[in-house]
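Each remark here refers to the structure printed beneath this line.
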Amino acid sequence: MTQSALPTSNSVTNTAASHVTPDNTVALCSAEATSENARIRSQFPALNQMLDGYPLCYLDTAATSQKPQIVLDAMAQYYTNDNANVHRAAHQLSARSTLNYEKVRDQLQQFLKAKRREEIIFTHGTTESINLVAFGLSTQLSAGDMILIDSAAHHANIVPWQELAKRTGAVIKPIPLMQDCRLDINAYKTLLELKPKIVALCHVSNALGTVNPVAQLVQLAKAQGAITLVDGAQAVAHLTLDMTKIDCDFYVFSGHKMYGPTGVGVLYGRFECLDSLTPLMTGGEMIKRVSFEATEFGSLPNRLEAGTPPIAEVIGLGAAITFLQTELTPQVQAYETELLTYLQTQLRALGEVHLYGSLDNNIGVVAFNLANEHHQDVGILLDQQGIAVRCGHHCAMPLMQSLNLKGCCRASIGIYTNKQDIDRFISALTSVKDLLL
Amino acid sequence: MTDSTIPMPNEADFHYSVQDADTLLARFAEAANWQERYRQIMLLGKDLPSINAEFRVDMAQVKGCESDAWLYHLARNGRHYYLADSDARIVKGLIGLLLGACHGKTSDEIQAFDPKAYFTQLGLEGQLSPSRTNGLNALAKAIKGAAQ
Chain A
0 MTQSALPTSN SVTNTAASHV TPDNTVALCS AEATSENARI RSQFPALNQM
50 LDGYPLCYLD TAATSQKPQI VLDAMAQYYT NDNANVHRAA HQLSARSTLN
100 YEKVRDQLQQ FLKAKRREEI IFTHGTTESI NLVAFGLSTQ LSAGDMILID
150 SAAHHANIVP WQELAKRTGA VIKPIPLMQD CRLDINAYKT LLELKPKIVA
200 LCHVSNALGT VNPVAQLVQL AKAQGAITLV DGAQAVAHLT LDMTKIDCDF
250 YVFSGHKMYG PTGVGVLYGR FECLDSLTPL MTGGEMIKRV SFEATEFGSL
300 PNRLEAGTPP IAEVIGLGAA ITFLQTELTP QVQAYETELL TYLQTQLRAL
350 GEVHLYGSLD NNIGVVAFNL ANEHHQDVGI LLDQQGIAVR CGHHCAMPLM
400 QSLNLKGCCR ASIGIYTNKQ DIDRFISALT SVKDLLL
Chain B
0 MTDSTIPMPN EADFHYSVQD ADTLLARFAE AANWQERYRQ IMLLGKDLPS
50 INAEFRVDMA QVKGCESDAW LYHLARNGRH YYLADSDARI VKGLIGLLLG
100 ACHGKTSDEI QAFDPKAYFT QLGLEGQLSP SRTNGLNALA KAIKGAAQ
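Going line by line, the protein sequences match chains A and B. 0 is the number of the first residue of the first sequence in numbering that gives the first Met the number 0; add one for each residue after it. 0 is the number of the first residue of the second sequence in numbering that gives the first Met the number 0; add one for each residue after it.
This is the structure:
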């Protein structure tokens, strides 16, 4: 979708299927791709259930993904056989637990192409990761310093910075979006000339699925001396990540959106950047020496991992990484892309559906409303038919305001989504349309 | 909702009739499938009076709904009258179901009203769960709370 093809309103109503090439339908229907998809899908037990006589059609992966058997088994195995606290290896069980826990750090180092294992910090999720950075930078900011935030950011990548600004007197500036909700690079460049201290970006918008050219955005920010954080929560299940290419100072994501458990997340940071953070959480595990007169903090990564970590969840995350490394092949990524295009095309073919954001270069997500109907009405009626979508502001109120929307419905796909899911969804939405319009 | 600092709609607006719970239960017993149940819900919402824009204020909002919902209450001669609206059609219809059981009733009748049993009988038990974002649970509490 080019800018010139857009209607004048803020909401982008797509009527043409111009960028859908005939090739898009070939792979979707190829026997090989279908059987590969079926093999992957069969690893997700929760998908196989009926809701009030309808098969579950799970299109809410952007909120949280379902979990493959390998993740469930790894966590059950840990609790069944290895349960012990980590980093206190006076006994064999603890040694085993610590070994398995630290192995996941090595896995993540390789998964992200980080330079050092100490650059991987386990947190409880993306939100905690961002809070850890935003608090940790408190002493490095002074009044009047500027923090640039992506206007498409999730609240988790807005509110911690606002709190940091309150503590330090720093100023928040949103990076404007273009009409199709992609980040406005020219406006961004102009803002960068004001020498912001921090630039907070999202890799993929959670509400719209728009992919930011993060490597380019980070490079521009670093050229002006800014510290960069990229929220990768919506990217990690779909894209292959390479920290040497993105080259940001901090990259954050959650386990539960990448087929891993809830309650675990990752903060990647360049060593010297992580090392400069004031710890948000203090206590056990993160110290070198404690006395009532003075306490000396330990070194990375433990310095930023106070208290007993979510051990079983980290083990589960390790299994999720193994799963992704095995299954998220370029062919599977291409299949996901085609599936999303198919979803967009079918939605447009339905008529009276407003689609939001740029439909090119986005992953995982389609945001829409049915005519002028309330997104909640649509969601309730889809739910009657076993369709799981999210309806609301998607924790991105500033973005909804810029679209002049109270909210919208969001259908999101994952590695297990198949063509049948999309067809069921479209057929269900047709029933909703018949009822409402 | 009875706070004197909030502008109140005219008293006349509160006096309208609703189908009572028994009639509604009979009407929903005839609904063969979810489509018919929700068609009835939306028809019910359509029959309820609207709240004018000037009264759609924050202070009259029932929190806990993904959609906006506003509720006003008036007590006259031991009976309770409600004026409620929502920007979502299904929520407005669900409000209609609640008002069928509560509008124009006495405090004792309203306190005896069991929303859970009622919505189960209507075949809509899933909609009342506090984990739902439709706010029906909050609306039921607000309607009962106003009559205390």
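Glycine included, C-beta positions come from ideal geometry on N, C-alpha and C. Remember, predicted model here, so these are calculated numbers, not experimental data.
Test: GLY52/A CB closer than 7 angstroms to a CB of chain B: Not closer than 7 angstroms to any Cβ of chain B, the Cβ of GLY52/A fails to qualify, so no.
8 angstroms CB neighbourhood of LYS287/A in its chain, flanking five on each side removed: A distance below 8 angstroms between beta-carbons, with the five flanking residues on each side excluded, links LYS287/A to the following residues of its chain, in chain order: GLU295, PHE296, GLY297 and SER298.
Contact list for CYS390/A against chain B, beta-carbon separation under 9 angstroms: One finds GLU65 and THR132 in chain B with Cβ atoms closer than 9 angstroms to the Cβ of CYS390/A, taken in chain order.
PRO173/A: first and last residue of the uninterrupted beta strand (DSSP E) it sits in: Element bounds for PRO173/A: 170–174.
Among HIS102/B, TRP69/B and ASP57/B, the one whose alpha carbon lies nearest that of LYS91/B: For LYS91/B, the closest C-alpha among the options HIS102/B, TRP69/B and ASP57/B is that of TRP69/B.
Where the segment 394–421 of chain A meets chain B: residues whose CB sits under 9 angstroms from a CB there: For the segment 394–421 of chain A, the residues whose beta carbon sits under 9 angstroms from a beta carbon of chain B are, in order, LYS405 and GLY406.
Closer than 7 angstroms to chain B by CB, GLN332/A: Taking Cβ atoms only, chain B never reaches closer than 7 angstroms to GLN332/A, which makes this a no.
Beta-carbon separation (whole angstroms), LEU140/A vs LYS196/A, contact threshold 8 angstroms: About 6 angstroms; that satisfies the 8 angstroms criterion.
Limits of the unbroken alpha helix (DSSP H) element including ALA186/A: For ALA186/A, the uninterrupted alpha helix (DSSP H) segment begins and ends at 184–191.
Candidates PHE112/B, ILE94/B and ARG55/B, of which the one nearest ILE5/B by Cα: Checking every option, the nearest Cα to that of ILE5/B belongs to ARG55/B.
9 angstroms Cβ cut-off: residues of chain A touching TRP33/B: Chain order gives the chain A residues near TRP33/B as ASP51, LEU380, GLN383 and GLN384, where near means a beta carbon separation below 9 angstroms.
Contact set for PHE424/A: own chain, Cβ-Cβ below 7 angstroms, skip 5 residues either direction: Within the same chain, CYS56, LEU58, ILE386 and ALA410 come within 7 angstroms of PHE424/A by CB-CB distance, once the 5 residues on both sides are set aside.
Alpha-carbon spacing of LEU127/B relative to LEU42/B, whole angstroms: Their Cα atoms are separated by approximately 19 angstroms.
Minimum Cβ-Cβ distance from ASP59/A to chain B less than 7 angstroms: Chain B contact via Cβ: absent.
Own chain, CB closer than 6 angstroms to GLY317/A, minus 5 neighbours either side, in chain order: Within the same chain, GLY317/A has close Cβ partners VAL103 and GLN106.
Min CB distance LEU55/B to chain A below 7 angstroms: The question names Leu, yet the displayed sequence has Arg at residue 55/B. Not flagged as an interface residue toward chain A: ARG55/B, since no C-beta distance is shorter than 7 angstroms.
Meets three-Cβ-pair contact criterion under 8 angstroms: the segment 236–252 of chain A and the segment 266–278 of chain A: Under the 8 angstroms Cβ criterion, the segment 236–252 of chain A counts as touching the segment 266–278 of chain A, having at least three qualifying pairs.
Beta-carbon contacts of HIS374/A that lie in its chain and below 8 angstroms, excluding the five residues immediately before and after: Same-chain partners within the cutoff: ASN368, CYS390, GLY391, LYS405, GLY406, CYS407 and CYS408.
Spatially closest choice to LYS172/A from LEU193/A, LEU207/A and GLN42/A, by CA coordinates: Comparing Cα positions, the closest option is LEU193/A.
Any C-beta of chain A under 7 angstroms from that of ILE50/B: Not one chain A Cβ lies under 7 angstroms of ILE50/B.
Minimum Cβ-Cβ distance from VAL25/A to chain B less than 7 angstroms: Any reading at VAL25/A must be qualified, since the residue scores a pLDDT of 49, below 50, and its modelled position is unreliable; the value itself is stated next. No - not a single Cβ of chain B is within 7 angstroms of the one on VAL25/A.
Under 9 angstroms from the C-beta of ILE89/B: neighbouring residues of chain A: Per Cβ cutoff of 9 angstroms: HIS373, GLN375, ASP376, ILE379 and LEU380.
Cα-Cα separation, TYR355/A to ILE119/A: If you take the alpha carbons of TYR355/A and ILE119/A, they lie about 35 angstroms apart.
Contact set between SER426/A and chain B, taken where Cβ atoms lie within less than 7 angstroms: Within chain B, not a single residue places a beta-carbon under 7 angstroms from that of SER426/A; the smallest gap is close to 13 angstroms.
Local conformation of THR132/B per DSSP, three classes: In the structure shown, THR132/B sits in coil (DSSP, three-state: anything other than H, G, I, E or B).
Integer-rounded CB distance, given that LEU338/A should sit under 8 angstroms from LEU46/A: Here LEU46/A is actually not in contact with LEU338/A; their C-beta atoms are around 15 angstroms apart, not less than 8 angstroms.
Same chain only: Cβ atoms within 7 angstroms of ALA164/A, ignoring 5 sequence neighbours per side: Excluding positions up to five away in sequence, the list reads ILE146, VAL170 and ILE171.
DSSP state of ARG40/A mapped onto helix, strand, coil: If DSSP states are grouped into helix, strand and coil, ARG40/A belongs with the helices.
Member of ALA220/A, ARG40/A and THR60/A whose CA lies at the smallest distance from the CA of PRO67/A: Ranking the options by Cα distance to PRO67/A, first place goes to ARG40/A.
Beta bridge counterpart(s) of ASP149/A as assigned by DSSP: Looking at the DSSP assignment, ASP149/A forms a beta bridge with ILE174/A.
Sufficient close CB pairs (3 or more, under 8 angstroms) joining the segment 231–245 of chain A to the segment 83–99 of chain A: No, because fewer than three Cβ pairs between the segment 231–245 of chain A and the segment 83–99 of chain A fall closer than 8 angstroms, the two stretches do not touch.
Residue range of the unbroken alpha helix (DSSP H) whose run includes SER401/A: Residues 396–401.
Length-filtered (4 minimum) alpha helix (DSSP H) runs lying within the segment 331–386 of chain A: Taking 4 residues as the shortest admissible run, the segment 331–386 of chain A contains the following complete alpha helix (DSSP H) segments, listed from N- to C-terminal end: 374–382.
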